[in-house]
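Each residue of the sequence shown is one higher than the last, beginning at 932 in my numbering.
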Amino acid sequence: MGYVSKGRLTPMDSQTLIVRCKAGEREALHLLYEQYRPRLLNICRQYVKDKNVAEDLLHDAFVIILTSLNQLRDDDKLESWMATIVRNVGYHYKIHLDKEQAALQQMDIDKQSATDPGIMPDFEQLQKLVAQLPAGYRQVFRLSVFEGLSHQEIGHLLGIAPHTSSSQLSHAKRMLKILIKQSWVLVLLLIAIPTAIWNLLQKEEPDTVKDLKPVSDNSKQKKTQPEPVVETPHDKPVYVSISKRPSVHPIRYQTEAVISPDSIPYMEEHIDTLKEIAQAIKEDTLRDTIIFRHEPIPASDDEPHLKMESPSKSSDWNIQLAYSGQTGRRDNYMAATNINQQSFASASNTFIPTNYSFSNWIDYSWSLNNAFPTDEITAETRSLMEIAAQNSMINHGEMVAQHTHELPFNIQLTLSRQLTSRLSIETGLSYTQMRSVTMTGSTSAHIQEQQRLRYIGIPLRFGWKWYNKSHFSFYSSAGAMLEFPIRSTLSVNHITNDITTFSKESTLDVPIQWSMSIGLGIQYDLTPHLGIYMEPSLQYFFNDGSNLNSYRTEHPLSITLPIGLRFHW
């Protein structure tokens, strides 16, 4: 190696070495590493005290250096260029380590407080639930929980950092806990809803007063006697007051309502009184007590009058307009991620084999740079190369994604009908929109995916009215809904140093969505035909079998608070 001196490389030797390194000569790459290793390692020690961790940082930095030599514009500034890369790696590692330690401590607290041994499944069920986890989470969970390996052993076996293994295990446990709760809730819903509906249908309630039978004091049932007929001019019915002593109120003529024979309970003493009144009318002895006016019968506090009113017709039909959702409400979290063939809806990722994924930017950057000939590199591929190269210098190239899911916006227009005085059935149309944003990479270089899912749904619910008095009513409901996707889109933007380097929009293939719900509602009638109601509901969304991430996949069991207007007639 005639071009190497005991101290620094001379400018000519440095240029020659760089040329040979760019050509991929292993001997030159090894020489570059050994020549600058001591000085660059001292820089790493400024950020971490542990010598082994410093060696790891230096190794990661040199991987970036060796894969980015083509970006070196001035060969005379080789050492300062490499020192800048090492400082960036050390700086971002220190920042990420502080955030990760705080996050892991919080995860441990949440995990201890959320432990519930009462709903743990058996081993066979647990294996089925673990199989539903993402590939990376599933591998780490099996090796840690089933095989008993440490994070250092898992990292060496899978080629990832130990803290990455720890992070993925925490996320795997969180997802597994959600899956366990989902399985139990589904069983309870399938049992509870049919049972509740069956019990409600078995209950019977008399609809009119005619179903009530009089109770006699005598043990022997008396024969039914014919009802007296009170005749008035023009064959108009009259209202009468019945009392053992003379009434202080006159009998008033009224045409708004008709006395129904079934509406007066049978009492023998009253029948006798009615006979006397009928006879008196025929003899014209009570002429002064009959007043032919179209007036209602006045109420009496001291006399037990029989007040006859026109039977009010119940509201059999209702139209509801309801809204649920909250503008600005979001669900944010950060999680480890990976890049596979379907990531970012990018044609540049077609080189990745099926069922394989990259879990760090360093490997992805190297593969991306070597997967395409120079003349086949598209604008999208070039943009991905730049983002991957920048993220390779940060935090050992670990891949993380920031997920943001907005609360679903939902509006429903439904029609319901009373089947009985308490039981009702309801159906109609529902519109739902969900928006999610995923940012993969660092703040300076990342891929932003904005996903919009839209559904038209057909709900079918049964309601049961528990209380209805004055202006208030209290009820419960249970049912299911089938939603069909309409115009769901994915917008992808590549952003480097706050500049959008590539963007595109594509249409998503979204499957249908099933859900079940139970709720309790309260209504206040503003007018005889218009009411306002609130119906807190527990809703469960079944897995649709897709790989789409949304608020519903993160919270399949959620509480909604529909508020709306109900018009009834």
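Beta carbons are placed, not taken as given, at the ideal position from N, Cα and C, and that holds for glycine.
- Pairwise C-beta distances place the region 958-968 out of contact with the region 1295-1302, as fewer than three of them are shorter than 8 Å.
- The beta carbon of Leu1252 is closer than 7 Å to those of Leu1344, Gly1495 and Leu1496 in its chain, skipping five residues each way along the sequence.
- One thing to note: Ala1332 has its Cβ within 8 Å of the Cβ of Thr1369.
- The Cβ neighbour count for Phe1393, taken over all protein chains shown within 10 Å, is at least 16; the residue is labelled buried.
- In the structure shown, Asp1262 falls within a strand segment according to DSSP collapsed to helix, strand and coil.
- Between the region 1398-1412 and the region 1446-1456, the count of Cβ pairs shorter than 8 Å is three or higher; the stretches touch.
- The alpha carbon of Asp987 has as its nearest neighbour, out of Asp1306, Leu1100 and Cys975, the alpha carbon of Cys975.
- For Arg1073 and Thr1431, the gap between their C-alpha atoms comes out near 40 Å.
- Leu1413 is bridged by DSSP to Ile1389 and Trp1445.
- Nearest neighbour of Tyr1022 by Cα position, chosen from His1327, His1499 and Leu1089, turns out to be His1327.
- In this structure Arg1348 is exposed. Its beta-carbon is surrounded by fewer than 16 other beta-carbon atoms within 10 angstroms.
- In this structure, Ala985 and Leu972 form a Cβ contact; the two beta carbons are roughly 6 Å apart against a cut-off of 8 Å.
- For Met1465, the enclosing beta strand (DSSP E) has its first and last residue at Leu1461 to Met1465.
- Under a 10 Å Cβ-count criterion, Trp1248 is classified as exposed, with fewer than 16 other Cβ atoms of the shown protein chains found around its own Cβ.
- In this structure, the beta-carbon distance from Gln1454 to Ala1376 does not fall below 8 Å.
- In the structure shown, Ile1453 falls within a strand segment according to DSSP collapsed to helix, strand and coil.
- Burial of Thr1095 is indicated by the presence of at least 16 other C-beta atoms within 10 angstroms of its C-beta.
- DSSP lists no beta-bridge partner residue for Ile995.
- In this chain, Trp1500 is not harboured by any alpha helix (DSSP H), its DSSP state being neither H nor E.
- In the structure shown, Thr1427 falls within a strand segment according to DSSP collapsed to helix, strand and coil.
- With a threshold of 16 other beta carbon atoms within 10 Å, Tyr1287 falls short and is exposed.
- For Pro1493, the closest alpha carbon among the candidates Tyr1464, Leu1060, Pro1442 and His1486 is that of Tyr1464.
- The DSSP-derived three-state label of Lys980 is coil.
- Taking all protein chains in view, the Cβ of Gln1382 is crowded by 16 or more other Cβ atoms within 10 Å, so the residue is classified as buried.
- Within the DSSP secondary-structure output, Ile1109 pairs in no beta bridge.
- The residues Arg1385 and Ile1387, in chain order, have a CB closer than 6 Å to that of Ile1417 in the same chain once the five nearest residues on each side in sequence are set aside.
- DSSP lists no beta-bridge partner residue for Ser1296.
- When beta bridges are read from the DSSP output, Leu1360 appears opposite Leu1344.
- Per DSSP, Leu1315 is one residue of the alpha helix (DSSP H) stretching across Ala1310 to Ser1323.
- By the Cβ neighbour-count rule, Thr1281 is exposed, with fewer than 16 other Cβ atoms within 10 Å of its own.
- Leu1064 sits away from Leu1100, with the two beta carbons spaced by 8 Å or more.
- The C-beta distance from Gly1452 to Glu1466 rounds to 4 Å, short enough to fall under 8 Å.
- DSSP, read as helix, strand or coil, puts Met1365 in strand.
- Among the bridge pairs identified by DSSP, Val1331 is matched with Ala1267.
- Residue Pro1284 holds the alpha-carbon nearest to the alpha-carbon of Asn1271 among Pro1284, Thr1484 and Lys1112.
- Per the DSSP secondary-structure output, Lys1396 pairs in a beta bridge with Tyr1406.
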